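Engineer:
Residue numbers (full-length UniProt numbering), protein chains in the order written: chain S, 1 to 204; chain V, 1 to 859.
1) Any chance the segment 319–327 of chain V sits against the segment 425–438 of chain V, with 3 or more Cβ pairs inside 8 Å?
2) Which term fits residue 846(V), buried or exposed, when burial requires 16 or more other beta carbons within 10 angstroms of its beta carbon?
3) Which chain V residues are close to residue 138(S), counting only those with a beta carbon under 8 Å from its beta carbon?
4) Runs of 3 residues minimum, wholly inside the segment 478–511 of chain V: which ones carry the beta strand (DSSP E) assignment?
5) Is the Cβ-Cβ distance between residue 37(S) and residue 70(S) less than 8 Å?
6) Give the DSSP-derived three-state secondary structure of residue 309(V) in the structure shown.
7) Within a Cβ cutoff of 8 Å, which residues of the same chain sit near residue 103(V), ignoring the five residues on either side of it in sequence?
8) Under a Cβ-count criterion, where at least 16 other Cβ atoms within 10 Å of its own Cβ denotes burial, should residue 483(V) be classed as buried or exposed?
9) Beta-carbon of residue 206(S) versus every beta-carbon of chain V: anything under 8 Å?
10) Please name the residue in 634(V), 693(V), 629(V) and 814(V) whose C-alpha comes closest to that of residue 619(V).
11) How many angstroms separate the CA atom of residue 91(S) from the CA atom of residue 60(S)?
12) Would you say residue 67(S) reaches chain V, if we count a Cβ-Cβ gap shorter than 8 Å as a contact?
13) Using alpha carbons as the reference points, say which of 560(V), 172(V) and 507(V) lies closest to residue 546(V).
14) Is the beta carbon of residue 55(V) sitting closer than 8 Å to the one on residue 105(V)?
15) If the cut is a Cβ gap below 7 Å, which residues of chain S does residue 733(V) touch?
16) Assign residue 11(S) to one of two classes, buried (16 or more other C-beta atoms within 10 Å of its C-beta) or exposed (fewer than that).
17) Among residues of its own chain, excluding the 5 on either side of residue 79(V), which ones have a beta-carbon nearer than 6 Å to its beta-carbon?
18) Look at the Cβ atom of residue 93(V), then the Cβ atom of residue 75(V), and state whether they are nearer than 8 Å.
19) Per the contact definition of three or more C-beta pairs closer than 8 Å, is the segment 788–805 of chain V in contact with the segment 699–709 of chain V?
20) Skipping 5 residues on each side, what residues in its chain have a beta carbon closer than 7 Å to that of residue 349(V)?
21) Once you ignore the five residues that flank residue 16(V) on each side, which residues in its own chain have a CB closer than 7 Å to its CB?
22) Secondary structure at residue 847(V), three-state DSSP: helix, strand or coil?
23) By the three-class DSSP mapping on this structure, what secondary structure does residue 859(V) have?
24) Is the CB-CB distance between residue 813(V) and residue 714(V) below 8 Å?
25) How is residue 147(S) classed by DSSP in three states: helix, strand or coil?
26) Under three-state DSSP, which class holds residue 7(V)?
27) Can you list, in chain order, the residues of its chain with a C-beta nearer than 6 Å to that of residue 73(V)? Leave out the 5 residues immediately preceding and following it.
28) Out of curiosity, what's the CA-to-CA distance linking residue 504(V) and residue 519(V)?
29) What does a CB cutoff of less than 7 Å around residue 531(V) pick up in its chain, not counting 5 residues either side in sequence?
30) So which residues on chain V does residue 142(S) lean against when the C-beta distance must stay under 8 Å?
31) Shortest alpha-carbon distance to residue 405(V) belongs to which of 445(V), 462(V) and 395(V)?
32) Give the single residue among 65(V), 537(V) and 185(V) whose Cα lies nearest to the Cα of residue 207(V).
33) Cβ atoms of residue 610(V) and residue 628(V): under 8 Å apart, would you say?
34) Please list the residues of the segment 740–756 of chain V that have a C-beta atom closer than 8 Å to any C-beta atom in chain S, keeping them in chain order.
35) So, helix, strand or coil for residue 182(S), using DSSP?
36) What separation, rounded to the nearest whole angstrom, lies between the Cα atoms of residue 309(V) and residue 329(V)?
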């Protein structure tokens, strides 16, 4: 019931567009701004909560003066628009569209020229709008990685200590045994207290 | 006038609907399949004077429709129009010897019904026979009083006559005599008639308000010549006011009889579906029209409230635990799991009805357009209570809700009092206009008192003074610029008199383009206090600023929040310089635009647009600062906090939106004070600030582009004002965008020096960046966003944000990240594991060292 209600509404929107084009409302202008919203990919990025649905899109003229909804195929139109420079904003949750400056020319019988205010790109008829980027509303949590852990200052310190534990004895081994003996002799003779004797101070 | 009806049409391509659109100059037939215009009839074709003579349209058969109208004053015209081509097949005129009432005309499937001019007789024609018939109303409905009117609602041959005292349902059956079905007194609402599926049965429902909380649903069903009447009494435990509208819907029961359900719109804009004498569901759609929102603290957790009292009884407590055990063992059914979920939700801290340590749990008190007050819990958004203010409903006349102000905030010695809110409304009718005040308890929704003032409310100003019971003093300004002090007690008068000499206020008249300042002059009369009208004070006009109406029009004003807390008056830079903020509470920001560059910025040129902003001292009327932006136009949104103002407008020349920021620093105080002296307390930061003293402002400004138009603009507020600020923007896509105040810093330069970088200056860009992570509402949309309020939480780092529109949205934000508590993501498990690992390592190494020592000793 509800679904069929929505479906039967759509043609009505179209119908209103048609007959207002035929009979201009007095006071307002007589031109039409029509365009299409397109997105090459139907579904959003992974993690993007809002899939690209024309149902969610609104096109806003001159900061809320008028609002248009979009047909399933992406088309929209504002009719009864006076000549001048207008601003269109496309609102789609999860997607960023540049606001569009649209010049409706009175001399050229309502010819449209559009200008993306963000990228300064000019587009001419037929107007086709695409999102500039998809919006990722959440910061991505850094995935747990061993490398990341090791690169942190703590990780580096631990790494160095592990290295010291394993490599320093190896260094000792490489020393010539005679040399070693000589060094030990020297150490014994020297009056300065060695590190080892300090540690075992209690027992000696 | 635009009437749209639809009729079934059988075409070659199958069944479809034809939409008939009746306007002032055309009757159009539009296909519902592809929206194509099938045909149109101009009013010229129907009459000589060019007016649309067709008043009503009805389907005749599959191929044709009838258009019905009046012939001058005394007759009907019936056009037979081909539904496929719009060709007028025939035009029939039936005249009457008396004048007809032009406002009463209904067309049923088989007849056209009207009244004569005095409303004495029912005049009708049968569409098939086209014979005019008359019946006296008095004879058929003897107890109807006053001149009756035909109601638009009808079903089959049932139509409704509205009298002064009642409505009467009449059946114009095949007998060709109007037959009274039933007359209903009380407040009754008639629904549109519907055709029942299958067969030519019709039904209509009438909702009769029996009492405040009881309604009687009458359903009248026409079955052939018989009329079936059924009634059901439906009660409601929540006060919803009178029924405003009703919609009938039918369904077929298993036994092929017809069942009915009625959708009822109540006075508080809530929707309820009634079926078989019960309310099936209810939606509080009144919450879509919030005009003011405020918050109240929840009650303190009382000592001695034991588990048993919360869990009602031991049995329930046991049952709860048994269910929990079952779900833990995965043997619970779906319902049991849901019950456990509900229990858990109930017992979580988030939804408790008591104050929490961090001040996150609050009551949101909202005032809606319908005059109903709601209180929502911030934990889960549930409605704690909702009620109409009975004092307002009795007042009569068109009621406009004005304000919701915290009257009494539990504080200090009045800690155990309930918070009280002051609600203000005004009634403006042709004969008189007056204000209304009511005091409502925020915990129970009980109306403590309500008064009807003898004057009109122009403005309500909360004063920075409270009486012994922590009731805030308010002055109400009436339309003669008199001030009335509330509460009207001796105590508050004594408190106020001490400050009356230095009480000033100002009024803004947007139509005339003036801002006028007043001073309050001592109590006018020594008369006894009148508790219902306040204590009367006269005022004296001090100054007026008149904006030239041909070049400037006031669009927006902004002031600082009354309850704003500023942590420090000085801003210490890295190079040990001190900037003193200009923190005068009595400053007003005014934005004016060119009157010609009015609403639609699609048609204007930059030359005829400008935006002028002023900063005005509201005590002296002195203009402290003026800045003109050429080629800019509205709508202007502005927010004023501490010593800065951020405002948003449209740049017609660049065709982009822009933000500008103004920051004010007091140069008077800079006299050779550096940070050392400031730290030693040898500064003049504590000196009294007077509006009458010389002001030497150092104003810094900057402008930035912004991609989008906005709907609301506000700033976060924290308990002590230490935390940085975020500008909260209601975006065009109905999302809430939180922009760091540092983006708006006027001291931003293209290449900041090392010292400036240390001050947190961001390199200058021409536009304010919008990163998707800035959206507080993430992918959610707050449809129809109209306002955002911010409230400080107990934690200094956090500000509570409530946005309202058609949807409601509530969240927390921490502008400088959460620095005073652990965030929810904090990894407690890792912390515990680390502690354990360390403990074990200590024990093991201790054992090892003991052993080694023992070995050494044995050597």
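For every residue, glycine included, the Cβ atom is placed at its ideal position computed from N, Cα and C. Quantities reported herein were computed from a predicted structural model and do not represent experimental measurements.
Structural biologist: So, to answer that:
1) no
2) Against the second chain, residue 846(V) aligns to sequence position 846. Residue 846(V) is exposed by the Cβ-count criterion.
3) On the first chain, residue 138(S) is found 138 positions in, with the first residue counted as 1. By Cβ distance, chain V contributes 773 and 778.
4) Qualifying beta strand (DSSP E) stretches, in chain order: 483–486 and 504–509.
5) Residue 37(S) sits at position 37 when you count from the first residue of the first chain. Residue 70(S) sits at position 70 when you count from the first residue of the first chain. Yes, Cβ-Cβ distance for residue 37(S) and residue 70(S) is below 8 Å.
6) Counting from 1 along the second chain, the entry for residue 309(V) is found at position 309. With a pLDDT of 47 at residue 309(V), under the threshold of 50, the modelled position of that residue is not reliable, and no figure is offered here.
7) For the purposes of this step, residue 103(V) is taken as residue 103 along the second chain, with counting starting at 1. The residues are 149.
8) Within the second chain, the letter at position 483 stands for residue 483(V). Burial call: buried.
9) There is simply no residue 206(S) to check, as chain S begins at 1 and stops at 204 in what is shown.
10) Here residue 619(V) is taken as the residue at index 619 of the second chain, counted from 1. Residue 619(V) has its Cα closest to that of 693(V), out of 634(V), 693(V), 629(V) and 814(V).
11) Here residue 91(S) corresponds to residue number 91 of the first chain, with the count starting at 1. Here residue 60(S) corresponds to residue number 60 of the first chain, with the count starting at 1. Distance between the alpha carbons of residue 91(S) and residue 60(S): 8 Å.
12) Counting from one through the first chain, the residue named residue 67(S) turns up at place 67. So, not an interface residue.
13) Along the second chain, one-based indexing puts residue 546(V) at 546. Residue 507(V) is the option with its Cα nearest to residue 546(V).
14) The residue labelled residue 55(V) in the question sits at position 55 within the second chain. The residue labelled residue 105(V) in the question sits at position 105 within the second chain. In this structure, residue 105(V) lies closer than 8 Å to residue 55(V) by Cβ.
15) Indexing the second chain from 1 puts residue 733(V) at position 733. Contact annotation for residue 733(V) against chain S: 91 and 93 [CB-CB distance below 7 Å, chain order].
16) For the purposes of this step, residue 11(S) is identified with residue 11 of the first chain, where counting begins at 1. Unreliable positioning characterises residue 11(S) in this predicted model, as indicated by a pLDDT of 37, which lies under 50. The coordinate reading is nonetheless provided below. When all chains shown are included, residue 11(S) counts as buried.
17) Position 79 of the second chain holds residue 79(V). The answer, listed in chain order, is 67, 88 and 91.
18) Translated into the one-based positions of the second chain, residue 93(V) becomes position 93. Translated into the one-based positions of the second chain, residue 75(V) becomes position 75. Yes; because the gap between Cβ atoms is below 8 Å, this pair is in contact.
19) no
20) In the second chain, residue 349(V) corresponds to position 349, counting from 1. Here the set comprises 356.
21) By 1-based counting over the second chain, the position of residue 16(V) is 16. For residue 16(V), where only same-chain residues beyond five positions count, the Cβ hits under 7 Å are 9, 31, 32 and 33.
22) To locate residue 847(V), count along the second chain from 1; it is residue 847. Residue 847(V): helix per DSSP, three-state reduction.
23) By 1-based counting over the second chain, the position of residue 859(V) is 859. Residue 859(V): coil per DSSP, three-state reduction.
24) Residue mapping note: residue 813(V) aligns to position 813 of the second chain, counting from 1. Residue mapping note: residue 714(V) aligns to position 714 of the second chain, counting from 1. Result no, Cβ atoms of residue 813(V) and residue 714(V) do not sit closer than 8 Å.
25) Counting from 1 along the first chain, the entry for residue 147(S) is found at position 147. Helix at residue 147(S).
26) As a first step, residue 7(V) must be located in the second chain, where it is residue number 7. Strand.
27) In the second chain, counting from the first residue as 1, residue 73(V) sits at position 73. Within the same chain, residue 73(V) has close Cβ partners 99.
28) Position 504 of the second chain, counting from 1, holds the residue named residue 504(V). Position 519 of the second chain, counting from 1, holds the residue named residue 519(V). The alpha-carbon separation between residue 504(V) and residue 519(V) amounts to approximately 4 Å.
29) Translated into positions along the second chain, residue 531(V) becomes position 531. Within the same chain, residue 531(V) has close Cβ partners 488.
30) Start at 1 with the first residue of the first chain, and residue 142(S) comes out as number 142. In chain order: nothing, as chain V lies at least about 11 Å away.
31) Position 405 of the second chain, counted from the first residue, corresponds to residue 405(V). Residue 462(V) is the option with its Cα nearest to residue 405(V).
32) The sequence position of residue 207(V) within the second chain is 207, counting from 1. Ranking the options by Cα distance to residue 207(V), first place goes to 185(V).
33) As a first step, residue 628(V) must be located in the second chain, where it is residue number 628. As a first step, residue 610(V) must be located in the second chain, where it is residue number 610. Contact flag set, yes.
34) none
35) Reading the first chain from its first residue, position 182 is the one you call residue 182(S). In the structure shown, residue 182(S) sits in a helix (DSSP, three-state: H, G or I).
36) Residue 309(V) sits at position 309 when you count from the first residue of the second chain. Residue 329(V) sits at position 329 when you count from the first residue of the second chain. Residue confidence is low: residue 309(V) scores 47 on pLDDT, short of 50, so the model does not pin down where it sits. Its coordinate-derived value is still stated next. C-alpha separation (whole angstroms): 28 Å.
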